[in-house]
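S.K.:
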Amino acid sequence: MSLLNVEHMRIEFASRRGTLVAIDDLKLTLEKGEILGVVGESGAGKSTVGNAIIGLLERPGKLTGGEISLSGERIEAYGPAKMRELRGRRISMIFQDPLTSLDPLQTVESQLAETMQVHLGISHAEACKRAITALEQVGIPDPALRVKHYPHQFSGGMRQRVVIALALCCEPEVIIADEPTTALDVSIQAQILDLLRKLCKEKDVGMIIITHDMGVIAEITDRVAVLYRGKLVEEGPTQKILGDPDHAYTRSLISAVPRPDVKLRRFPTVNYIEAAKAPTKAIDIATHWLGERRDFGTRQAGPLVETRGLGMQFSLKSALLKRNRRTLDAVKQFNVSIAEGEVFGLVGESGSGKSTVARLIAGLYTPTSGSVHFNGTDLTKLSEKELNPFRRQIQMVFQDPFSSLNPRMRVLDIIAEPIRFHKLTDSETQTRAVVHDLLDVVGLGTAAARKFPHEFSGGQRQRICIARALATRPRFLICDEPTSALDVSIQAQILNLLKDLQETLGLTMLFISHDLPVIRQMCDRVGVMRYGELLEVADTETLFTSPQHEYSKHLLGLMPQLGGMSRAGLDVITADAQA
Amino acid sequence: MMNRVATFFARTADSDLWHSFKQSPGAVIAAVVTLIIVLAALFAPLISPHNPFDLASLSIMDANTPPAWSADGNSSFLLGTDDQGRDILSAVIYGTRVSLFVGLASVAFSVILGVSLGLISGYAGGRVDSFIMRIADVQLSFPAILVALLIDGVARGMLPRDMHDKVALYVLVFAIGISGWVQYARTVRGATMVERNKEYVQAARLIGIGPFTILRRHILPNILGPVMVIATIHLAVAVITEATLSFLGVGLPPTSPSLGTLIRIGNSYLFSGMWWISIFPSIALVALVLAVNLLGDWLRDALNPKLR
Amino acid sequence: KTFRFAYQGDATSLDPMALNETFTLGFQNNIYEPLVSYDGDLKLVPALATEWSNPEPTKWVFKLRKGVTFHDGSPFTADDVIFSWKRSQTPGSDMKAYGAKASDIKKVDDFTIEVTTPTPNPILPREWVYLFIMSKAWSEKNNAVEATNVKGGQVNYANLNANGTGPYMVTERQPDIRTVMKKFDKYWGKAEMKGNADDVIFQPITQEATRVAALISGEMDVVMPVPVQDWQRLEDAKGVKPLTAPEARAIFIGMDQSRDELLFSNIKGKNPFKDVRVRQAVVLAVDTKAINEKIMRGAAKPLGSLVATAINGYADSYGAPIAPDVNKSKALLKEAGYPDGFEVTLDCPNDRYVNDEKVCQAVASMLARVGIKINLLAQTKGKYFGKVLPQAGNQTSMYLLGWTPSSIDAHNALLNLASCRDPKTSTGQFNLGGYCNPKVDELTAKVGTETDQVKRNAMIKEAFEIVRADWGYLPLHQQPMSWGVKDNIKVIQRADDVMDLRNVVLP
Amino acid sequence: MFSFIAQRVFQSVLVMLTVALIAFTMFRYVGDPVAAMVGQDTTTAQRLELREQLGLNDSIFVQYGRFVTQAAQGDFGMSYRHRRPVSALLAERLPATLELSFVSAVMALVLGIPMGIYTALRRNILSKSFMAVSLAGISLPTFLIGILLILVFSVQLRWLPSFGRGEVVNLGGWSTGFLTKSGLAALILPAITLALFQMTLIMRLVRAEMLEVLRADFIKFARARGLPERLINFRHALKNTLVPVITITGLQLGSIIAFAIITETVFQWPGMGLLFIQSIAVVDIPVMAAYLLLIALVFVIINLIVDLLYFAVDPRLRVQR
Ligand SMILES: Nc1ncnc2c1ncn2[C@@H]1O[C@H](COP(=O)(O)OP(=O)(O)OP(=O)(O)O)[C@@H](O)[C@H]1O
Ligand SMILES: Nc1ncnc2c1ncn2[C@@H]1O[C@H](COP(=O)(O)OP(=O)(O)OP(=O)(O)O)[C@@H](O)[C@H]1O
Ligand SMILES: [Mg+2]
Ligand SMILES: [Mg+2]
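Protein chains in written order, with the working numbering: chain B, 1 to 579; chain P, 1 to 308; chain W, 1 to 507; chain F, 1 to 321.
#1: To the nearest angstrom, how far is it from the Cα of residue 65(B) to the Cα of residue 23(B)?
#2: Which ranges would you report for the alpha helix (DSSP H) in the stretch 374-438 of chain W if only whole runs of at least 4 residues count?
#3: Check each residue of the stretch 271-295 of chain P: if its Cβ is closer than 8 angstroms to any Cβ of chain W, include it; give the result in chain order.
#4: Look at the Cβ atom of residue 204(W), then the Cβ atom of residue 353(W), and state whether they are nearer than 9 angstroms.
#5: Using a C-beta cutoff of 9 angstroms, does residue 2(W) count as contacting chain F?
#6: Measuring only from the beta carbon, is residue 356(B) closer than 8 angstroms to any heavy atom that is part of ligand 2?
#7: Count the other CB atoms within 10 Å of the CB of residue 532(B); is the residue buried (16 or more) or exposed (fewer)?
#8: In whole angstroms, what separates the C-alpha of residue 348(B) from that of residue 220(P)?
#9: Is there at least one non-hydrogen atom of ligand 2 closer than 8 angstroms to the beta-carbon of residue 399(B)?
#10: Please indicate yes or no: does the CB of residue 203(P) lie closer than 8 angstroms to some heavy atom of ligand 1?
#11: Under 9 angstroms Cβ-Cβ, which residues of chain F neighbour residue 632(B)?
#12: Opposite residue 168(W) in the DSSP bridges: which residues?
#13: Does any CB atom of chain P fall closer than 9 angstroms to the CB of residue 481(W)?
#14: Would you give the residue range spanned by the alpha helix (DSSP H) that residue 212(F) belongs to?
#15: Return the CA-CA distance between residue 208(F) and residue 159(W), expressed in angstroms with no decimal places.
#16: Please determine whether the Cβ atom of residue 559(B) lies at a distance below 8 angstroms from any heavy atom of ligand 2.
#17: For chain W, is any of its Cβ atoms less than 9 angstroms away from the one on residue 92(F)?
#18: Within the 9 angstroms Cβ cut-off, does residue 82(F) reach chain W?
#19: Using the beta-carbon count (16 or more within 10 Å), is residue 61(P) buried or exposed?
#20: Since residue 389(W) and residue 35(F) are thought to touch, with beta carbons under 8 angstroms apart, how far apart are those beta carbons, to the nearest angstrom?
#21: List, in order along the chain, the chain P residues whose C-beta lies closer than 9 angstroms to that of residue 447(B)?
#22: Decide if the stretch 4-20 of chain F is in contact with the stretch 268-282 of chain W; the criterion is three or more beta carbon pairs, one per stretch, under 8 angstroms apart.
#23: My output table needs one value for residue 227(B): the three-state DSSP class, helix, strand or coil.
#24: Given a threshold of 16 other Cβ atoms within 10 Å of its Cβ, counted over all protein chains shown, does residue 276(B) qualify as buried or as exposed?
#25: With 9 angstroms as the C-beta to C-beta threshold (strictly closer), list the residues of the stretch 208-219 of chain W near chain F in chain order.
#26: Measure the C-alpha to C-alpha separation of residue 304(W) and residue 167(W) and round it to an integer number of angstroms.
#27: Assuming contact is defined by CB atoms lying nearer than 9 angstroms, are residue 81(F) and residue 284(F) in contact in what I supplied?
#28: Say the cut is 8 angstroms; is the CB of residue 29(B) nearer than that to a heavy atom of ligand 1?
#29: What is the DSSP secondary structure of residue 90(B), reduced to helix, strand or coil?
#30: Restricting to Cα atoms, I'd like to know which of 117(W), 95(W), 287(W) and 369(W) is closest to residue 359(W).
#31: Any heavy atom of ligand 1 within a distance shorter than 8 angstroms of the CB on residue 109(B)?
#32: Does the CB of residue 73(B) have a neighbour CB from chain F at under 9 angstroms?
#33: Would you say residue 11(F) reaches chain P, if we count a Cβ-Cβ gap shorter than 9 angstroms as a contact?
#34: Per DSSP, residue 74(B) forms a beta bridge with which residues?
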């Protein structure tokens, strides 16, 4: 008898546009002390499964079939009261975002204590005592003091530990962790995963970990279930799934994961997914509008982009008195030069100042010190008017495809806006033709022009963003984490697209990511940042094979290794030393 | 153009908003009542049996006639007449017109002022922002009704005396409008600060588009939702504020009465047995405000994605 | 027995020299007394003076009542009279105009005084009915020898406290909230006094509806005024009734006939009201009877003059209502060169007289019928008076005003309303439209000094007949007094709308 | 903390000065005070002299400057009508307004908050009818409510007095109506009139905020921990609802005092609002100026209290300052 057994699970979301079958005929089992990974793309139904097990399906959602049993006991038909007793006591849940999972107005102690009082029926004093132990268990230093604190007094990683402590405090049999580390930095992610694994093994708890991150799967799971559109496509031991998947979908999913170990020329085409089928239309750059770079002016010698002593200081708290002011040096003495046609990568943890650098170079921020030179001209000294010709040459693709498009504008207008603003075409007819071509180039097709952004998926939106960036016929493209909000398979497509465009158009690129494997796949040279400082600059392969700076080594060490992935049929450029 | 209209209707018919509207009987009734009132107000000269503003057509001999269905009623005065011989039905229709005009105009005024200042404040930040927000604070430390009283007083005083009647309406619009802008400014400021940091705004800035165009073309359309909601509820408040000011005697003159003025006049007949003079304007006022409030309530819930 | 009554406002002060306003003075009259007073019919009766005579044109002799004590127990003597007269001349006093009627007062003995007037004054006792006598000793003790003054910076004791000789003494005074009075045991006139209330509670209630509600719900014994339209309701309600009579106040509309161009009109370059035909047209267009019937519920008394019937000197020959004649009115306008009429602004208070704003509206719609388009500017009295009075430059083209001569004598109306405006002599102060006929001025001056009552009345009549023939004003009506009273209470409603507690009889 | 309060005080002074200036600009136009200060027999010359004495002929700024300097010394001048120091007059009226506002505020809070919570949590007939009542509450103008209440409870039923404060007891300069039967009876109708609008407003606000908070992640997590609904609703949701509710409620309570003007007029309630309205009618400039200033002060104080309450409720703010 397994600890948790799910059979023939079917979940439907009814809406006025029809019923959506989110989960169909799903079968899962979980043993004591086992960690089961559930993977799949966004919308595959991973969270829905978790919510259904713990009985917290959101409103239109309904469990319309199947059975869920916990240690042989059927629980899917439990009433609210019985279910409440179960939740937190026998099955616990950990959510993605530690920032919002805790009540900001209650101390950690009172949140821990109330949970234990409710489930274990112990006194308040007793519960408070145990709260300290619970914090200790998840590795929070000085728990007796910290237990009195409010959530906002903890850092993100510590808060996630508190959440874990809350989930564990009543010693449940099953833990469901829904993307428990997505909101965290790589280094903290590693710690949390370690902690979870340790606790599972020590206490013999069964855990379902829901994620779309293959790295996480490789790190801690024993078995993996792969979901595709609400259906279980494959299930088996982690080694087997990663190294030798049976199902075509699993295979394409795994091949799309950026590999830390080898550099590929192109990502394998993920042909299992329909959205990937639209091919990018090949255009003849020599004759096309996109290729006419008439007014770039003379090319100065030296790097295309260069920063000299760039610095940026944010004021966090303005006050009348100087001693009360708080400032933050987001970027300090940042010197870098990027040659024409080069792809320069920037890595670093969250908050290290990557985006700030990008914005400084793009001219969205005015630096507090230093200068940005583009083709030999100091951009920081120019007026708005003088800046205009340069604006056209520098464009940016942003991280979040959902907020980077104006939801009230049609795609046509979004892409045409820079063309119209800079009067890059002679007529409106030509503008439209150009927009249509651009949409073809990024693989969306001309029909997309009439639609609004909300009618597209994340990957498609990112394509629109790229099309908009291309519409000014830029020379230098800044990509600030262009794929971190996307699924791996879509990420692969977008990265392929960017690679292709960079090559055909001869773009110079600044590519920012915190994802080292992605950097490895995309960049010629890489800079490592921490606390606003550039620690090391090196050729990509040099960095990955022999990092110089301590911090670079540390960072590379945290990279999930995804051991045992198959290399069959890959277009490998270089293999790393470890292989 | 036709095409656009057609797609607009198609989109509307298909939209969630329309759907949720059809699902909510309260909203439908409120909309119908509002529509009737608005149409009546709009076409007042066509549908009202008499012209209550034409002094020459009033005959004092018709004064104090009860509604048509009561014993002494006169069929040409359906809801009776007041002490000047003015037809109550016509007065109510015209009064609604005035009240609605004051309400809509002052809301429009508040919206324009509040939204512009909010946009500027939220987008520019820094000193401009603190300056505008301090003004808002000053105004907030003063209840709307007092602000309106003050403005009304100042304006009446400063204008040439014989212009009073002609401009009383606009003074009132200004007074009520100015007392309402803060709410919009604050909401819009907050929304703008959120939108400003969204990447589509950054993208527009990268293209080189100037701040005013960004505000108008990019940010404004995206923050209109909450503004719409406040505006609907504010319309009801504005109508009531006007009525209250008129009740306190600083609103509109009895020669061009709003519903509030009619109620004030009617108020002195409350004990006289001539109930129709005050009851009908009160009913009209309450119906109008209630309907608008219902619509506002519905709109707020419908536009709030979290509540769906 | 407790008597409760409410009025729309409070007496401004307890200081009898603070404000020359009918309600305030009438209220104080229950506490303080003059030398000569009014009875319920506004006839002169002895108060603190028992006899008075006018031995010479500029000399009056008053014999004072003996054995009168103030509320604090001190005796009343001639010194108090002289003190009070002098006090009325102090800077804060609003009774200076009355005080100035005498140039000197000599004490003949403790109970006789001799008053010298600057000019012959046949009606001095009448003019002094509101010159109340205060106790010299009390005032000196409490530092209240000067009248309450806004400028002083100090609170005048007499403002909130009173020490008179009247039938009631104040036991509690909360301005604007309530004033409680108790019967004065040692009142000299106790024997004859009909009033039998032991305690009196007075509370002002501003809102008409609330005031009426207070009566109907039994919280009040008398409320004043009640809106005329609520009479029916009072008749129907159990235990209460309306009480009404024409007041001595005449309501009329004046027209600016002094300026060469009206301030507020569409006619430029000339003043239509200078043309007697236009003024006549205005007068003939207005049906005062209809206004009385519909707006005043028949309670007013249509009037053809500036003084009411109760006023000394009134005569029907000039006071009878003028019959409207719309056709003639139109014809006159045409003749005067305004076949399509003209536009003019009518200034009107909206909280001063009975249904003032409604009367103005009715007049406006009647004038509209002959083509005169009225822009009605109805404002609170503060704003209204701030606009039309001389110190603001008489900024009006047409206005509604009410007038009660404070002396209940027609001369006061002639002087204030019908005489040519002259800032030096202060004549025509309320002649806001600047009506001017030297013949009227001449007669007014004569009336002022004529001691023979018959001759005097004849001259008054002649003067007012001239005003009427000049169509100088549009007289409307005598407004009604309108009180709400409990059935079982007997009160006398004096024509000056004063509540005299001496006449309040409780069951 | 200290610098925060200092900043607020500085801001408040600015607010008050602005209010005073606006008030003075306005007074030029509210009419002629002299007309109400003298009787009809007073000559024009005397009237003009009085104007001069009162300084009404000086420019606005001179008058404003004079007022501000004197006000700074606690002297608000003499009321034209009452001929008494304005400060004494307001002090006399303050208890009436404060007692009325206090009772209304308590009523609005004590009824509004539970009704808001209830309507947010339940979707039954009672909840729907609360919503309907609340709609009526914000749709009926205050003055209509007052008149209707008088008609029903005073005139028809004769249960409650229609005006005034009833008997008051004076406790060291504070006149209270709380201690007598008639005083309490007199309080009922005006308090309801004043409270109704605020109550519905608070109820709707609480409901909206509560619905919002109930959708927060930490509520979902609390459910996942198996906490009972009662605990979730009251310990977690309600407390988080309070933060935004406090601001708006604070301002609303301030406007209760302002809205008391209308209620006091309708019920002849002898408070400051009535005094203000009566002063407008007779152009009693010193009273009007002082009243406006006082209201501004009340708002300023309420704002300060609201800010301090934030510190109490929201631990996130405590550490930063
Ligand atoms: N409350 C809801 N109402 C309607 N549809 C829903 C709701 N919640 C989820 N769905 C639908 O159910 C499907 C599965 O959603 P679910 O959240 O389980 O995906 P997921 O695998 O967790 O994705 P992600 O990686 O983005 O979290 C999706 O198609 C989603 O649109
Ligand atoms: N507008 C701003 N005002 C104040 N501080 C800011 C601002 N923008 C960024 N910062 C701070 O500057 C530091 C660097 O931020 P930046 O966004 O550049 O980091 P990042 O490396 O891009 O991080 P991430 O990977 O999370 O995007 C952070 O500590 C951030 O909090
Ligand atoms: Mg999910
Ligand atoms: Mg970033």
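In this text, a Cβ means the ideal position worked out from N, Cα and C, and glycines have one as well.
M.R.: For this structure:
#1: 10 angstroms
#2: 381-388 and 410-413
#3: 271, 272, 273 and 274
#4: no
#5: no
#6: yes
#7: buried
#8: 36 angstroms
#9: yes
#10: no
#11: Any answer about residue 632(B) is impossible in this case: the structure gives chain B only from 1 up to 579.
#12: 183(W)
#13: no
#14: 181-214
#15: 54 angstroms
#16: no
#17: yes
#18: yes
#19: exposed
#20: 6 angstroms
#21: None at all; the shortest Cβ gap to chain P is about 15 angstroms.
#22: no
#23: strand
#24: Low per-residue confidence applies at residue 276(B): pLDDT is 46, beneath 50, and the placement is therefore not dependable, though the value from the model is reported in the following sentence. Buried, since its Cβ has 16 or more Cβ neighbours within 10 Å.
#25: 209, 210, 211, 212, 213, 214, 216, 217, 218 and 219
#26: 39 angstroms
#27: yes
#28: no
#29: coil
#30: 287(W)
#31: no
#32: no
#33: yes
#34: 69(B)
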